[in-house]
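J.: Got a structure here, written out as structure tokens. Questions coming.
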Amino acid sequence: MFADDDLDIVHIAAAYKLTPPNPQATIAQLADLPGTLSVCDLSLMQSGDLMSRQYVHGYEPSEAIRLQDQASTLVELLHSDTHFPEGSTVLEAGCGVGAQTVTLAQNSPGAKITSIDVSAESVAQARRNLQSAGISGVELRQANIFSLPFEPESFDHVFVCFVLEHLRNPVDALVSLRTVLKPGGTITVIEGDHGSTYFHPESDAADAAINCQVELQRRAGGNAHVGRQLYPLLDRSGFGNVRVSPRMVYVDSSKPHLVDGFTRKTFTAMIEGVRTPALEAGIIDAASFDDGIQALYRTAETDGTFCYTFFKGFGEKAPAA
Ligand SMILES: C[S@@+](CC[C@H](N)C(=O)[O-])C[C@H]1O[C@@H](n2cnc3c(N)ncnc32)[C@H](O)[C@@H]1O
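Remember, our numbering sits 86 above the position in the sequence shown when you count from 1.
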């Protein structure tokens with residue numbers, strides 16, 4: 087697991103051939119370093135996959151750090167019931183830099199986990215992150231959900247987290263993943279829903295900044311409100327016994343770990359990360375966007391509160407007749 091205090095900024099920067107100013111470099115400092123490598127560009131060259139070019143969060147080192155902050159903060163909420171039995175085979179689709187992979191491996195030490203991502207660079211980073219976390223035995227490979235390099239009915243379980251929101255055709259992705267599940271196998275899907283965001287003090291400026299992310303994702307073919315659709319998506323993809331549970335994060339200043347780990351470093355950092363594309367796309371002007379970010383940080387002050395709901399869905403592939 088990557089605790090907030092353990093974030094290995096030096097390690098991540100080194101992986102991207104950057105020299106951070108100091109080991110305590112902030113996300114903003116790291117993102118501002120000259121010569122930041124676009125992992126997205128690399129993966130595009132290698133995969134030719136259009137979706138990855140449109141992946142709204144990008145593949146910058148700051149995004150890798152944000153994903154790790156997000157994973158460590160939300161482990162209990164999202165994964166307290168993620169356990170795969172000893173000897174079972176698990177496919178994690180869209181593993182990114184391995185932020186969830188670490189938890190999967192720790193929660194299910196006897197399972198045989200295969201983690202894939204369309205980005206070769208993310209897979210390479212995931213390999214380094216797993217190594218740093220002392221985890222071995224996870225098979226990592228570059229692969230596309232829409233053309234999986236596995237025989238049909240290869241896996242007992244499939245796990246997908248924060249991937250459907252970026253896809254133009256989530257049902258096609260789920261159908262593809264269902265193909266590689268054994269009869270009677272299960273799928274676990276976790277997604278957020280930005281429409282579930284509310285906070286105190288309320289702010290139209292903050293809503294407008296959040297809407298930049300929603301709009302960019304929509305223009306790229308994704309859906310930042312996908313969490314509320316998990317039930318119909320899994321149902322339409324042919325899964326049975328579909329169950330979805332909301333996982334709400336509620337933050338106030340009695341929970342300083344969440345104020346820092348979720349309100350600031352996960353949610354606000356994510357919205358802050360779309361400043362340049364939002365301005366370039368003409369969705370908002372700089373002053374309005376910056377007001378919105380300031381208003382989001384304002385919710386992390388002593389009298390502020392912040393709420394967000396994730397959705398965790400389960401489905402089963404029908405057992406063999
Ligand atoms: C927001 S990240 C989530 C990463 C990880 N699941 C986590 O929660 O930290 C979404 C990931 O999905 C990957 N992805 C997007 N489309 C994909 C596809 N068609 N096949 C495989 N991976 C894909 C992206 O490259 C990216 O790493």
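Where is the CB? At the ideal position from N, CA and C, for every residue including glycine. Nothing here was measured: the structure is a model prediction, and the numbers come from that model.
With distances taken Cα to Cα, identify the nearest neighbour of S282 among K341, T395 and P342.
T.: The count along the sequence shown starts at 1 and reaches residue 282 at position 196. Checking every option, the nearest Cα to that of S282 belongs to T395.
J.: How many angstroms separate the CA atom of P235 from the CA atom of G220?
T.: On the sequence shown, residue 235 is found 149 positions in, with the first residue counted as 1. On the sequence shown, residue 220 is found 134 positions in, with the first residue counted as 1. In a straight line, the C-alpha of P235 is about 27 Å away from that of G220.
J.: Any heavy atom of ligand 1 closer than 7 Å to the beta-carbon of I357?
T.: Numbered from its first residue, the sequence shown carries residue 357 at position 271. Taken from the Cβ of I357, every heavy atom of ligand 1 lies 7 Å or farther away.
J.: Measure the C-alpha to C-alpha separation of I296 and H280 and round it to an integer number of angstroms.
T.: The residue you call residue 296 lines up with position 210 of the sequence shown. The residue you call residue 280 lines up with position 194 of the sequence shown. Whole-angstrom Cα-Cα distance: 8 Å.
J.: Who are the near neighbours of C247 in its chain, counting only those whose CB is closer than 6 Å to its CB and skipping five residues on each side?
T.: The residue you call residue 247 lines up with position 161 of the sequence shown. These residues qualify, in order along the chain: Q186 and I276.
J.: Whole angstroms are fine: how far does the CA of G313 sit from the CA of V257?
T.: As a working note, residue 257 is residue 171 in the sequence shown. As a working note, residue 313 is residue 227 in the sequence shown. Rounded to whole angstroms, V257 to G313 spans 14 Å at the Cα level.
J.: Inspect the CB distances between the segment 287-302 and the segment 355-366 and report whether three or more fall short of 8 Å.
T.: yes
J.: Can you check whether the CB of G180 is closer than 8 Å to the CB of V249?
T.: Here the question's residue 249 lines up with position 163 in the sequence shown. Here the question's residue 180 lines up with position 94 in the sequence shown. In this structure, the beta-carbon distance from V249 to G180 falls below 8 Å.
J.: Should V244 and N215 be called a contact, given that it needs their Cβ atoms to be closer than 8 Å?
T.: Looking up residue 244 in the sequence shown gives position 158. Looking up residue 215 in the sequence shown gives position 129. It is not a contact, given that the beta carbons lie outside the stated cut-off.
J.: Taking all protein chains shown into account, decide if S222 is buried (16 or more other Cβ within 10 angstroms of its Cβ) or exposed.
T.: Locating residue 222 in the sequence shown gives position 136, where the first residue counts as 1. In this structure S222 is exposed. Its beta-carbon is surrounded by fewer than 16 other beta-carbon atoms within 10 angstroms.
J.: Check whether the segment 318-336 touches the segment 256-274, counting contact only when three or more Cβ pairs, one atom from each stretch, lie closer than 8 Å.
T.: yes
J.: Under 6 Å Cβ to Cβ from R254, same chain only, skipping five residues before and after it: list those, please.
T.: The sequence position of residue 254 within the sequence shown is 168, counting from 1. Only G307 meet the Cβ criterion.
J.: Helix, strand or coil for V224, going by three-state DSSP, please let me know.
T.: Walking along the sequence shown from the start, residue 224 turns up at place 138. Collapsing the DSSP output to three states places V224 in coil.
J.: For Q132, name the three-state secondary structure that DSSP assigns.
T.: For this step, residue 132 is matched to residue 46 along the sequence shown. No answer about Q132 holds up, because its pLDDT of 25 lies below 50 and its placement is not dependable.
J.: Just curious, the beta strand (DSSP E) that V261 is in, first and last residue?
T.: Mapped onto the sequence shown, residue 261 falls at position 175. Where V261 is concerned, there is no enclosing beta strand (DSSP E), although the alpha helix (DSSP H) it sits in stretches over P256 to T265.
J.: Report yes if the C-beta distance between E178 and S205 is below 8 Å; otherwise report no.
T.: For the purposes of this step, residue 178 is taken as the residue at position 92 of the sequence shown. For the purposes of this step, residue 205 is taken as the residue at position 119 of the sequence shown. It is not a contact, given that the beta carbons lie outside the stated cut-off.
J.: Could you tell me the alpha carbon to alpha carbon distance between F375 and R361, rounded to whole angstroms?
T.: The residue labelled residue 375 in the question sits at position 289 within the sequence shown. The residue labelled residue 361 in the question sits at position 275 within the sequence shown. Here the C-alpha atom of F375 lies approximately 7 Å from the C-alpha atom of R361.
J.: Using a threshold of 7 Å, is the CB atom of F236 nearer than that to any non-hydrogen atom of ligand 1?
T.: Locating residue 236 in the sequence shown gives position 150, where the first residue counts as 1. Every heavy atom of ligand 1 is 7 Å or more from the Cβ of F236, so no.
J.: Tell me the rounded alpha-carbon separation between A404 and S340.
T.: What you label residue 404 is simply residue 318 of the sequence shown in a count that begins at 1. What you label residue 340 is simply residue 254 of the sequence shown in a count that begins at 1. Each residue's Cα considered, the two are about 45 Å apart.
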